[in-house]
Amino acid sequence: MRLTTLCYIENDDSYLVLHRTKKAHDENGDKWIGVGGKFEEGESPEECVLREVDERLRSFAMNGGRLAALDAIALFESGAASKCSFTVGVLADRETRIQRIMQRDGISHEYASARVKAQKPDEYYEENCTYILRNDGTEDEFIEKCKLLYKEVLT
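Those letters in the sequence shown? Residues 41 to 195, by our numbering.
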């Protein structure tokens, strides 16, 4: 028996999946699958997923890709941040986060507050991220901040 790992990366109601179309005679040909693969000897499930992500990013770069983003809850804890040229933390004040979660997920203030309380404090991201974007204003204001940061780090 050969062990494999599979990781579905979720963002709200969207998932990162791969459409397998390149290999001839692929048992997963024309299927939609998550990121994952076969374990290497002595590898943990987390190490396997990180290696697979690294292989996908390397393949992307070798085929002309110039910019890729990882959106990961445990970016630093998993070690995936070491694969990044820079990291960006997006922060908002506590009540703004609570209100946005309530609106997005249709949950109570109490439950949204508990979810925010379970998050790491802003200081964690301020200490670990290369850049911090504050998202306390309007959507248009945040888009403008993103454009300015994009110009700063990629030009």
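Note that CB positions come from ideal geometry on N, CA and C, so glycine has one too.
Keep in mind it's a predicted model, so treat the numbers as computed, not measured.
Beta-carbon spacing of residue i, residue j below 8 Å
i	j	result
Leu110	Cys88	no
Leu131	Asp180	no
Leu90	Ser118	yes
Ala120	Val93	yes
Val156	Ile172	no
Met142	Ala152	yes
Which of helix, strand or coil DSSP assigns to residue i
i	result
Leu115	helix
Ile138	helix
Gln159	coil
Phe182	helix
Integer-rounded CB distance, given that residue j should sit under 8 Å from residue i
i	j	result
Thr195	Phe126	Rounded, the Cβ-Cβ distance is 13 Å, inconsistent with contact.
Leu107	Phe79	Contact flag wrong, Cβ pair sits at about 30 Å.
Ala168	Phe116	Looking at the sequence provided, one finds Asn at residue 168 rather than Ala. Asn168 to Phe116, Cβ: 5 Å. Contact.
For residue i, the residue or residues it bridges with in DSSP
i	result
Tyr190	Answer by DSSP bridge pairing: none, since Tyr190 is not bridged.
Tyr165	In DSSP, Tyr165 forms no bridge with anything.
Thr44	Lys78
Val89	Answer is none; Val89 lacks a bridge partner.
Arg174	Leu131
Closest Cα partner of residue i within the set the options
i	options	result
Phe182	Asn168, Gly129, Ser99	Gly129
Arg134	Gly104, His149, Asp145	His149
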